[in-house]
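So the structure is just underneath, and the comments pick up after that.
Protein chains: 2
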Amino acid sequence: MHEIELSHVDCADCPIRHRAVCSRCETDELEQLEEIKYYRTFEAGQTIAWTGDKLDFVATIVSGIATLSQTLEDGRTQMVGLLLPSDFMGRPGREMATYDVTATTEVVMCCFRRRPFEDLMRNTPHIAQRLLEMTLDELDAAREWMLLLGRKTAREKIASLLAIIARRDASLRHTGNSDVLEFDLPLTREAMADYLGLTLETVSRQVSALRREGVIELAGKRHVSVPDFDRLMLETGDDTDGGFLV
Amino acid sequence: MHEIELSHVDCADCPIRHRAVCSRCETDELEQLEEIKYYRTFEAGQTIAWTGDKLDFVATIVSGIATLSQTLEDGRTQMVGLLLPSDFMGRPGREMATYDVTATTEVVMCCFRRRPFEDLMRNTPHIAQRLLEMTLDELDAAREWMLLLGRKTAREKIASLLAIIARRDASLRHTGNSDVLEFDLPLTREAMADYLGLTLETVSRQVSALRREGVIELAGKRHVSVPDFDRLMLETGDDTDGGFLV
DNA sequence: CGAGGCATTGACTTGGTTCAAGAGGCGTGG
DNA sequence: CCACGCCTCTTGAACCAAGTCAATGCCTCG
Chain A
1 MHEIELSHVD
11 CADCPIRHRA
21 VCSRCETDEL
31 EQLEEIKYYR
41 TFEAGQTIAW
51 TGDKLDFVAT
61 IVSGIATLSQ
71 TLEDGRTQMV
81 GLLLPSDFMG
91 RPGREMATYD
101 VTATTEVVMC
111 CFRRRPFEDL
121 MRNTPHIAQR
131 LLEMTLDELD
141 AAREWMLLLG
151 RKTAREKIAS
161 LLAIIARRDA
171 SLRHTGNSDV
181 LEFDLPLTRE
191 AMADYLGLTL
201 ETVSRQVSAL
211 RREGVIELAG
221 KRHVSVPDFD
231 RLMLETGDDT
241 DGGFLV
Chain B
1 MHEIELSHVD
11 CADCPIRHRA
21 VCSRCETDEL
31 EQLEEIKYYR
41 TFEAGQTIAW
51 TGDKLDFVAT
61 IVSGIATLSQ
71 TLEDGRTQMV
81 GLLLPSDFMG
91 RPGREMATYD
101 VTATTEVVMC
111 CFRRRPFEDL
121 MRNTPHIAQR
131 LLEMTLDELD
141 AAREWMLLLG
151 RKTAREKIAS
161 LLAIIARRDA
171 SLRHTGNSDV
181 LEFDLPLTRE
191 AMADYLGLTL
201 ETVSRQVSAL
211 RREGVIELAG
221 KRHVSVPDFD
231 RLMLETGDDT
241 DGGFLV
């Protein structure tokens with residue numbers, strides 16, 4: 001995966017094409033995209049854009065994880081978005097970055113120069129339609145996060161984050177739900193704290209508490225396994241699901 | 001305003017047409033919208049939809065204020081959106097409401113039956129384009145709110161809310177910024193608390209503190225005047241100039 | 001006048017932060 | 001190979017901002 005051929009990957013072979021902004025495109029539309037696209041790689045820890053920077057491209061994350069965050073003048077920072085493979089970065093029609101974008105792991109992006117992309121969008125409703133859908137999904141996710149930030153306890157926040165990562169990880173490599181969920185945390189304690197609106201000490205304490213009580217097991221600092229997913233879900237404070245039970 | 005003719009208002013005479021989802025529509029497109037639209041009024045305090053309800057319309061707020069909120073099983077609730085005149089409610093392509101929608105004041109909505117609206121959207125890029133733009137704006141607003149919920153102190157939260165309402169109010173009745181800003185709070189203390197991720201007691205205390213220190217003045221419980229807007233902005237914790245959201 | 005909603009204020013508790021010390025890993029270079 | 005510095009993470013103790021519980025004030029409306 002680190003050896004991706006940056007010079008050119010054919011859209012037809014793209015691993016995340018079916019979920020990305022281009023998922024609805026017909027062959028001729030893909031050809032047009034193919035012409036204006038180029039790949040870029042960012043190393044783990046590298047900043048992709050600072051708030052206020054001129055951004056003359058938009059992009060789809062091909063692999064890796066990036067974060068969007070905002071900072072108050074005195075340095076308090078809040079992560080406001082997590083960009084995963086197939087997610088879209090940048091806003092058509094806007095020149096400046098409005099968030100700090102940082103590569104958490106190594107990130108490969110499929111970039112489109114902004115102007116040509118905007119032109120293309122005007123003529124190909126399939127792109128705009130898909131982008132609308134993705135934006136609506138992100139809005140839902142942001143609002144779910146608002147509930148977490150505003151009303152959940154530290155323990156619930158941690159459990160929620162673990163549940164989300166576990167679920168995404170499971171769906172990504174669709175193992176026909178094996179009994180034990182396992183995954184690596186893609187975030188440092190500090191990044192988790194910035195995401196959850198906590199301090200890194202509180203994150204550490206709550207992770208330890210969940211481990212002590214057997215809700216999760218840790219191998220090293222980052223590798224988590226969840227013996228009983230329902231148990232974890234109980235700790236999130238969320239509805240047990242669609243509504244029945246309780 | 002309370003005497004709006006519910007039977008029919010011509011789109012051409014609509015007070016919020018230039019900002020709403022239909023703002024880009026040509027005359028013929030407006031005619032099509034005109035055919036599937038109808039007005040509805042909700043009283044202050046009335047619930048417009050509960051999470052999980054089947055919703056067979058989408059709508060534009062014509063006047064009044066509605067809120068979107070989410071609730072955990074034990075009753076903790078977080079407001080996740082404020083719908084103001086010209087804002088859009090509902091998600092094309094989705095049958096169910098995903099939030100509780102409540103009228104805070106009397107609300108007049110311009111409704112479109114969902115199916116016909118979806119069909120129309122497919123054929124009129126102007127509507128989809130505008131909806132995308134509005135959704136992106138809402139996403140930005142939601143993310144700004146995440147920063148507030150995750151990282152601001154109670155005092156900063158209150159100051160931020162007051163600043164937002166003040167600014168919106170000023171822009172709405174574009175008084176060429178007169179020296180003293182004045183407005184009515186459209187929310188109860190409890191609603192403010194639900195918006196800010198606080199308890200109503202804390203809201204009350206912080207409002208009192210800001211009044212005691214002369215940052216704001218109160219006439220009654222709800223009428224606020226701001227003698228020095230910059231002073232208020234200092235209390236928000238934000239960058240001294242940034243600040244978007246309506 | 002009394003009832004019922006909102007709002008304020010006080011006294012006390014607590015969850016989470018802050019400050020501080022130290023543990024465990026990992027790469028570099030002597 | 002070990003020593004060293006650099007990270008990230010954990011843990012403890014003291015503190016404080018905001019929550020909880022409870023009493024009271026102030027409207028408006030019947």
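If you're matching them up, the sequences are chains A and B in order. The opening residue of the first sequence carries number 1 in UniProt numbering; numbering runs sequentially from there. The opening residue of the second sequence carries number 1 in UniProt numbering; numbering runs sequentially from there. Think of the CB as a built atom: it goes at the ideal place given N, C-alpha and C, for glycine as much as any other residue. Being a predicted model, the structure only gives us computed values, none of them experimental.
- Using a Cβ-Cβ distance cut-off of 8 Å, the region 92-106 of chain A and the region 50-59 of chain A are in contact, since at least three pairs of beta carbons, one from each stretch, lie closer than that value.
- Assigned with DSSP and collapsed to three states, A/ASP28 falls in helix.
- In the DSSP secondary-structure assignment, B/ILE48 is not bridged to any residue.
- 9 Å or more divides the Cβ of A/ALA142 from the Cβ of A/GLY237.
- Relative to A/GLU182, the option among A/CYS11, A/ARG173, A/ARG189 and A/LYS54 whose CA is nearest is A/ARG173.
- One finds MET146 in chain B with Cβ atoms closer than 8 Å to the Cβ of A/TRP145, taken in chain order.
- Around the Cβ of A/LYS221, a 10 Å sphere holds fewer than 16 other Cβ atoms; the residue is exposed.
- In this model, B/THR67 and B/THR135 are separated by some 16 Å (Cα to Cα).
- Restricted to the region 143-227 of chain A, the alpha helix (DSSP H) segments that are unbroken, complete and at least 4 residues in length are 154-172, 189-196 and 200-212, listed in chain order.
- Distance from the CA of A/ALA59 to the CA of A/ASP87, rounded to the nearest whole angstrom, comes to 8 Å.
- A/CYS110 is bridged by DSSP to A/TYR39 and A/THR60.
- Here the C-alpha atom of B/CYS111 lies approximately 39 Å from the C-alpha atom of B/THR153.
- A/ALA142 belongs to the set of residues whose beta carbon lies under 9 Å from a beta carbon in chain B.
- According to the DSSP assignment, B/THR236 belongs to the alpha helix (DSSP H) that extends over 229-236.
- Around B/GLN129, the same chain offers ARG24 as residues with beta carbons nearer than 8 Å, after the five sequence neighbours per side are excluded.
- Remark: three or more beta-carbon pairs, one from each stretch, lie closer than 8 Å, so the region 64-80 of chain A and the region 189-196 of chain A are flagged as touching.
- The distance from the Cβ of B/ARG155 to that of B/GLU235 is about 6 Å, consistent with a contact at the 8 Å cut-off.
- In the structure shown, the three-state DSSP call for A/ASP239 is coil.
- Scanning its chain for C-beta atoms nearer than 7 Å, with the 5 sequence neighbours on each side dropped, one finds around B/GLU29 the residues THR124 and HIS126, in chain order.
- For A/VAL224, the closest of A/ASP230, A/ARG231 and A/ILE216 by C-alpha to C-alpha distance is A/ILE216.
- The Cβ of B/ALA97 sits no closer than 9 Å to any Cβ of chain A.
- Going by C-alpha positions, A/GLU118 is about 27 Å away from B/LEU33.
- Residues of the region 76-107 of chain A that bring their beta carbon within less than 9 Å of a beta carbon in chain B comprise ARG76, THR77, GLN78, MET79, VAL80, GLY81, ARG91, PRO92, GLY93, ARG94, THR98 and TYR99, in sequence order.
- Taken atom to atom, the span from the alpha-carbon of B/MET109 to that of B/ILE61 is near 5 Å.
- Taking 9 Å as the cut-off, the beta carbon of A/LEU210 is found no closer than this to the beta carbon of A/LEU161.
- By the Cβ-count criterion, B/ARG17 is buried, with 16 or more other Cβ atoms from all chains shown falling within 10 Å of its own Cβ.
- With fewer than 16 other Cβ atoms from the protein chains shown falling within 10 Å of its own Cβ, B/VAL180 counts as exposed.
- According to the DSSP assignment, B/ALA12 belongs to no beta strand (DSSP E), since it is labelled neither H nor E.
- For a cut-off of 8 Å, the C-beta gap from A/LEU55 to A/MET96 is around 7 Å, short enough to register as a contact.
- With a threshold of 9 Å between beta carbons, B/GLN32 makes no contact with chain A.
- Of all C-beta pairs linking the region 77-87 of chain A to the region 35-42 of chain A, fewer than three are shorter than 8 Å, placing the two stretches out of contact.
- Here DSSP, grouped into helix, strand and coil, assigns A/ASP87 to coil.
- Collapsing the DSSP output to three states places B/THR124 in coil.
- A Cβ-Cβ distance of about 17 Å is found for the pair A/ARG151 and B/LEU82, leaving them out of contact under the 8 Å criterion.
- Chain A has no Cβ within less than 9 Å of the Cβ of B/GLU190.
- For A/ALA163, no Cβ of chain B is located within less than 9 Å of the residue's own Cβ.
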